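Q: First residue of the sequence shown: 1, per the numbering used here; consecutive thereafter.
We put the beta carbon where it would ideally sit given N, CA and C, even for glycine.
Values in this document were obtained by computation on a predicted structure and should not be read as measured data.
I'd like to ask you about the structure that follows.
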Amino acid sequence: MSTTHQVRQPAKFDPILTEVLANELGALSEEMAIVIAKAGRSPMLKAGEFATALCDRTGRIMAEGFAAPLQLSGFETLCSEVTARYGEELAPGDVFVSNDPYGGMTHLPDVGVVMPAFSGDTHVGYAVCYSHHSDIGGRVPGGMSEQSRSLYEEGLRLPVVKVQAAGQRNVALIETIRANVRASSEWISDLEAKIAGVERGARGLTSLVEKYGMIRFEDLGNGLIEHAERAMRNAIAELTDGEYFADAEMRYGGDAEGKDGGMVRLALTLKVAGDSLEFDMTGSSPQVDAGINTPSAMVRAAMCGGLKALMAQGVPANSGFFRPIKVTVPEASIVNPTFPAPVSARAPIFFKILDLIFRTVAEAKKGTVAVPGVGGDAVHLSGKAEDGSEFALLDLLFGGWGARSNSDGIDGVAPVYMGSYGTASVELLENQFPIVIEEYRIVEDSEGAGKYRGAMQISRVSRLLADAEVMVRSVNVDGSPGMEGGLTGPPPSTTIVKADGTEVSLDKRSHVHLTGRAGDRIVHLTAGAGGYGSPLERDPELVRADALEDKISIQHALETYGVVLHGDDLKVDDVRTAGTRAERVAALN
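Quick look at the structure:
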């Protein structure tokens, strides 16, 4: 590999050409995402649980695709690992794969793929992607469990290793993976889709370098990153200087019998000083012997994803975005465990961290933000279909957005900080897996009420057509808290309705494992999202609109919002509503 280049002269910033390159790189990153989504087989790829990016030859992110942005912050580490391990050995046609949560990824099911791009024999950059795979081997199907005691039992761990060398597939590696994962045909197909995606990205990156020339390309790339840094610093400068603190506790399950594992604490101090900020998680619990430990890469992803959603929607998501942000996480803690601590069930901690981010940033912005959304619930099924083929399905379920300071949350979509994530279509699932989705609906009277309400609970009923090992993951197990007087949304729940009609309510734990039989129904309700502001301040016409759409009942309108509706057209009785609300306010005071 050659990295030689001409002697560099100081470059004058060219805003027009920089913007042109930004759009070219953005379009190329999106092309990568389209290739992956269309070539992949799993519902995760179809539903957008993946990310793409283009990096310069030092590993700095230059552009992202339109898919899930949360884990982009780990791509720099992943590229650095490639460079550190292979350095001068890099060659055109090489492709690397890794899922190491202690090397830039966030848990073993998340598998990253990296391809260096070359112009001739000169290394010019990287095309990178990741996606979640429906299995990674290990003790439990899907590779996610609170009950893990060590990373070794969570599945196959891949350090940065060549899956392709100079254009030739590493068949031995692929067959080793195939022999160690469930539903291996889908797994390998998704890997091939990601390889196709990074190949498209690397070719396009080479074309852009050859179009502009290496020196001009790097100068423009530097301009892109510096522009993002300036924009992010300007956004941070609008916050009020100071320190803002929030904490939370979470109970986790300890063993297969449901014995309580204990309580962990998360502490977050947001420190704002001028145009930079620090997220300091000092005071969080030590790491535990359970899979809820959260790698520092995932913590950084939460910080950056939360900020992107709250205050930097227009800032390009490249390495410049990250520069003004410092993340401090104590070593050997729940938010920065040391190897080989298990990390497979890190999602509930991740969402708790996002809750703390939203709350501290809200203080710094004087309340002009949003309530965290409800996201990340999942039902994982693994078994054999009637024809004897293996299946592994991760069905992601999202409740929706939390209320905002000026509008309601959106029902039934992934939270704003999760980018393109979504729930797979019913038709896709029923076509590929032995499952029937009998219900997928909004639950009445299930929002976190407020002046602006959070998203309603979503109910999904899945009937098994084959025996399966089942894992149900629930986040927001204590409900989704509101802000500024907004009410907490109801917590998630899961009921198993056996083929004989017997009902079993699952424990309120983040990860529950069980064996399902053909004919069983899994009834899962996501949490409702928290509200913003007092419900008694909600516009009565918004209450009426929800009632007309059967999202809330007439009784709920009265009891929760103090709004009196009457008649077939549910008109607001303004006089009685004003009187009811006045009585409620007086009683509160």
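(1) Between I458 and the rest of its own chain, which residues show a CB-CB distance below 6 Å, the 5 nearest in sequence each way excluded?
(2) In terms of residue numbering, what span does the beta strand (DSSP E) encompassing L239 cover?
(3) Starting from R182, trace the alpha helix (DSSP H) in both directions and tell me its first and last residue.
(4) On the DSSP bridge assignment, give the partners of D445 in chain order.
(5) Three-state secondary structure (DSSP) at H133?
(6) Is the beta carbon of M232 sitting closer than 8 Å to the one on V315?
(7) What does DSSP give as the partner residues of V512 in its beta bridges?
(8) Looking only at its chain, what residues have a beta carbon closer than 6 Å to the beta carbon of I357, apart from the 5 residues adjacent to it on each side?
(9) Since S119 and T52 are thought to touch, with beta carbons under 8 Å apart, how far apart are those beta carbons, to the nearest angstrom?
(10) Using 8 Å for Cβ pairs, my map puts S131 next to F50. What's the rounded Cβ distance?
(11) Kindly indicate which three-state DSSP category Q168 falls into: helix, strand or coil?
(12) Within the same chain, show all residues whose beta-carbon is closer than 8 Å to that of A297, passing over the 5 residues directly before and after it, in chain order.
(13) Could you tell me if E186 is buried or exposed, where buried requires 16 or more neighbouring beta carbons within 10 angstroms of its beta carbon?
(14) Report the rounded CA-to-CA distance for H133 versus M44, giving the unit in angstroms.
(15) Compute the Euclidean distance between the alpha carbons of D569 and D550, then round it to the nearest angstrom.
(16) With a threshold of 8 Å, are at least 3 pairs of Cβ atoms found where one atom belongs to the segment 516-535 and the other to the segment 488-496?
(17) Quick check on G338: buried or exposed, where buried means 16 or more other Cβ atoms within 10 Å of its Cβ?
(18) Would DSSP call K46 helix, strand or coil?
(19) Have a look at L25 and M418 and give me their C-alpha separation to the nearest angstrom.
(20) Could you check what DSSP says for P15 in three-state terms: helix, strand or coil?
(21) Among the candidates E175, S480, E390 and E541, whose CA atom is the shortest distance from the CA of K451?
(22) Between the Cα of G167 and the Cα atoms of L90, E229 and C55, which residue gives the shortest distance?
(23) If you reduce the DSSP assignment to three classes, tell me which class P286 lands in.
(24) Under the three-state reduction of DSSP, which class applies to K326: helix, strand or coil?
(25) Roughly how many angstroms separate the alpha carbons of A302 and G143, rounded to a whole number?
(26) From G531 to V361, what distance separates their C-alpha atoms?
(27) By the three-class DSSP mapping on this structure, what secondary structure does H626 have?
(28) Measure the alpha-carbon distance for H380 versus T294 and round it to whole angstroms.
(29) Quick check: the Cα distance between P109 and A557, rounded to an integer number of angstroms?
(30) Just checking my contact of E591 with A165 at CB under 8 Å: how many whole Å lie between their CB atoms?
(31) How long is the line joining the alpha carbons of E153 and A341, rounded to whole angstroms?
(32) List the endpoints of the continuous beta strand (DSSP E) containing T360.
(33) Is DSSP giving Y212 helix, strand or coil here?
(34) Give me the DSSP bridge partner(s) of M250.
A: Straight from the coordinates:
(1) G399, G412 and T526
(2) Run containing L239: none; DSSP gives neither H nor E here.
(3) Careful: R182 lies outside any alpha helix (DSSP H) and carries neither H nor E.
(4) Answer by DSSP bridge pairing: none, since D445 is not bridged.
(5) coil
(6) yes
(7) V472
(8) G306
(9) Contact flag wrong, Cβ pair sits at about 21 Å.
(10) 4 Å
(11) strand
(12) Q71, S73, G74, T77, P101, G104, M105 and T106
(13) buried
(14) 7 Å
(15) 12 Å
(16) yes
(17) The question names Gly, but residue 338 in the sequence shown is Thr. Exposed, because fewer than 16 other Cβ atoms sit within 10 Å of the Cβ of T338.
(18) helix
(19) 21 Å
(20) helix
(21) E541
(22) L90
(23) strand
(24) strand
(25) 21 Å
(26) 17 Å
(27) Only positions 1 to 589 of the chain appear in this structure, which leaves residue 626 out of reach.
(28) 20 Å
(29) 44 Å
(30) Given that the chain is displayed from residue 1 to residue 589, the structure contains no residue 591 and the question cannot be resolved.
(31) 10 Å
(32) Taken as a continuous stretch (DSSP letters only), T360 belongs to no beta strand (DSSP E), being part of the alpha helix (DSSP H) at A347 to A364.
(33) helix
(34) V264
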